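Some notes on the structure that comes next.
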Amino acid sequence: MPIFKWNTEAFDENGRTTIPMLRFPANDNCMACHRTSNSHRGFYGFGEAASATLEGDGENPEDGTLVDDYQDDVHKGKTYTDDNGETRDIENCNSCHSKQYFKSPLMNVDLDANHDFPKGNSDMDVRNDLDYAPNAKSCEECHMEAKNAVVPSGHDNLLEAHRELWKGNGDMAGYSRDSLTKITQTHFDVVSCQACHINGKKSRGNPIQILFRYRIAEDGKSKMVPYNPRVRSYWKDKVSGRALVRFELDSVFEKGEDDEGNFFGIIKDPVSGKELGRVTASQGRHGFRFGKPDSYESFMALKQAYDSLLRKKRL
101 MPIFKWNTEA FDENGRTTIP MLRFPANDNC MACHRTSNSH RGFYGFGEAA
151 SATLEGDGEN PEDGTLVDDY QDDVHKGKTY TDDNGETRDI ENCNSCHSKQ
201 YFKSPLMNVD LDANHDFPKG NSDMDVRNDL DYAPNAKSCE ECHMEAKNAV
251 VPSGHDNLLE AHRELWKGNG DMAGYSRDSL TKITQTHFDV VSCQACHING
301 KKSRGNPIQI LFRYRIAEDG KSKMVPYNPR VRSYWKDKVS GRALVRFELD
351 SVFEKGEDDE GNFFGIIKDP VSGKELGRVT ASQGRHGFRF GKPDSYESFM
401 ALKQAYDSLL RKKRL
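Numbering of the sequence shown is given in the numbering used here, commencing with residue 101 and proceeding in unit increments.
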């Protein structure tokens, strides 16, 4: 006769058990594209500093394996309770970018669930139709609008927390007592949370040069937001209107190396094979990377190569 062993840990206090039917991807899936680097879109965490170390068993650490320790977001490791009462540890991207992450495990599975990720309104032109439809968890949602709004200072609400902080710092000096709450609310209406709370950050040890502009927020209001400007350019055929894609842009380069082991890029005409100029190059963790032209001559050499490539594409 078979012997059954009752596993009490598999049941809750009501004698019910749950069988998880929802699967959420691990961070590695997201980081395949969203790793913070020169070529991948990502975010800069605001926790401990990022580092890359060599770990190995040998006496010489340089013989070990390069291990990346990505910078942690300030929310990582915290616990959040959603409006439905479900509590989760904030340990991965799903905490903010998955629609059903806080769904009760006792609820039925949505068999026709929409698998689009909740996103905000970034500077990138990717699926703009999904901007705020719905939004990923935002500062306002968790710290102001939620039933269990998180106010680290212990005040009743975030407006009160800011008002009392500014009063204590002397920032409200000269204003009448009955106007302080209104002034603080005006600040909330015009300035985004991130305008004040993500400046003064660094990238690779250097301060991030933050500028400010207005952008439509989730509530439809135009608010001041920080951004880190980047020069964006592309090579486009005036005749066909066709823009070169990444692998085509790199196709006019060849890898070069001098006697001292320094890498550089050789610009070659894709039709004749003639060397037209050179650019800098480097070997990084994401592969070999060709630099931008650093002189008028090298820029014109690259233009000549791309013009030749586009003419070839028309044939």
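All C-beta atoms, glycine included, are put in the ideal place defined by N, C-alpha and C.
Treat the numbers as computed from the prediction; the structure is a model and nothing was measured.
Check your understanding: Hey, quick one: how far does the beta strand (DSSP E) through Val379 stretch, first residue to last?
Key -> Glu375 to Gly384
Check your understanding: Would you call the CB atoms of Leu259 and Thr284 closer than 8 Å?
Key -> yes
Check your understanding: For the beta strand (DSSP E) that contains Phe353, what are its first and last residues?
Key -> Phe353 to Glu357
**Study point:** Bounding residues of the alpha helix (DSSP H) (the contiguous stretch that carries Met324)
**Key:** First-last for Met324: Ser322 to Tyr327, but that is the beta strand (DSSP E), not the alpha helix (DSSP H).
**Study point:** Whole-angstrom distance between Gln309 and Cys196, CA atom to CA atom
**Key:** 26 Å
**Study point:** Beta-carbon contacts of Leu376 that lie in its chain and below 8 Å, excluding the five residues immediately before and after
**Key:** Ile367, Lys368, Asp369, Ala401, Leu402, Gln404 and Ala405
**Study point:** Option in Arg315, Cys130 and Gly274 with minimal Cα separation from Val290
**Key:** Arg315
Review point. Taking DSSP as the reference, what is the three-state secondary structure of Thr284?
Key: helix
Point to revise | Residue environment, Cys296, which counts as buried when at least 16 other CB atoms sit within 10 Å | key: exposed
Check your understanding: Around the Cβ of Ala378, are there at least 16 other Cβ atoms within 10 angstroms (buried) or fewer (exposed)?
Key -> At residue 378 the sequence reads Arg, which differs from the Ala that was named. Arg378 comes out buried.
Practice item. With DSSP collapsed to three states, give me the class of Asp173. Key: coil
Exercise for review: Give the straight-line distance between the Cα atoms of Val174 and Phe124, rounded to the nearest whole angstrom.
Suggested key: 22 Å
Check your understanding: Can Asn192 and Ala126 be called in contact, C-beta distance under 8 Å?
Key -> yes
Check your understanding: Among the residues of its own chain, which have a CB less than 8 Å from the CB of Glu354, if the five just before and after it don't count?
Key -> Gly365, Ile366 and Lys368
Point to revise | Beta-bridge pairing of Ala94 - partner residues as DSSP gives them | key: For residue 94 there is no data in the structure shown, the boundaries of the chain being 101 and 415.
Review point. Taking just the CA atoms, how far does Leu280 sit from Gly220?
Key: 31 Å
Exercise for review: May I ask you to report which of helix, strand or coil DSSP gives Lys219?
Suggested key: strand
Point to revise | Endpoints, alpha helix (DSSP H) assigned at Arg411 | key: Tyr396 to Arg414
Point to revise | For Glu264 and Pro205, the rounded distance between their alpha carbons | key: 40 Å
Practice item. Out of Lys301, Ser238, Asp337 and Asp189, state which residue places its alpha-carbon closest to the alpha-carbon of Lys176. Key: Asp189
**Study point:** Exposure of Lys237, with buried meaning 16 or more beta-carbon neighbours within 10 Å
**Key:** buried
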